[in-house]
Amino acid sequence: MLRRFLTGRIAIPVLLCLQVLPLIVFPLNVFKIDSQEWWLPAFLCLLIILSLVKLFFGKENSAWPWYIMAFCQGLNIISRIMMLLPHATLTESGGAREANVGYIVIAFACILFSVFEIWYCELPELRQKISIKMASRAVGAAGAARTPA
Numbered sequence: 033m034l035r036r037f038l039t040g041r042i043a044i045p046v047l048l049c050l051q052v053l054p055l056i057v058f059p060l061n062v063f064k065i066d067s068q069e070w071w072l073p074a075f076l077c078l079l080i081i082l083s084l085v086k087l088f089f090g091k092e093n094s095a096w097p098w099y100i101m102a103f104c105q106g107l108n109i110i111s112r113i114m115m116l117l118p119h120a121t122l123t124e125s126g127g128a129r130e131a132n133v134g135y136i137v138i139a140f141a142c143i144l145f146s147v148f149e150i151w152y153c154e155l156p157e158l159r160q161k162i163s164i165k166m167a168s169r170a171v172g173a174a175g176a177a178r179t180p181a
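In the working numbering, the protein residues as written are 33 to 181.
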């Protein structure tokens, strides 16, 4: 039942487009111009968007968009784990350390959502439905090219 819902006509584009969320959800202090933490999520979002354009508007079926999406989500998981320890605590003005609960919760939520997206993109039903849509677009484009105007 869950797989049928996840591979439904409306759920496919929504869940595939939501892949951008775990890549860009960070606390606001990460997006300062002097921070070096913002460029990797921006680059991964660009790769995801290129892959989605290929999947939604491409005419032939190819595997590279699926590989790029899995790579981006996997790299997001690795970078979140690497950034978790340096950002896990905050130093107060008195020198006391306090847990940065907001950052920890955001990091774990994004890691779990990335794991879900990797699993989702590997569903055979999803890939089959995307392949059928691509094949129908290719047949439609070939038929439109043959009909005289």
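For glycine and all other residues, C-beta sits at the position ideal for the given N, C-alpha and C. Source: prediction; values computed, not measured.
In the DSSP assignment, A141 falls outside any beta strand (DSSP E) and lies within the alpha helix (DSSP H) extending over V133 to C153. Among the bridge pairs identified by DSSP, E130 is matched with L122. In this structure R112 is in contact with C142, their Cβ atoms being roughly 6 Å apart against a cut-off of 8 Å.
Between M166 and G90, the C-beta gap is smaller than 8 Å, which places the two residues in contact. CA-CA distance, I65 to S168, rounds to 45 Å.
Rounded to whole angstroms, L79 and P59 show a C-alpha spacing of 22 Å. Under the DSSP assignment, S83 falls in the alpha helix (DSSP H) whose first and last residues are W71 to F89.
Straight across, the Cα-Cα distance linking V52 with L87 is about 15 Å.
By the Cβ neighbour-count rule, L117 is exposed, with fewer than 16 other Cβ atoms within 10 Å of its own.
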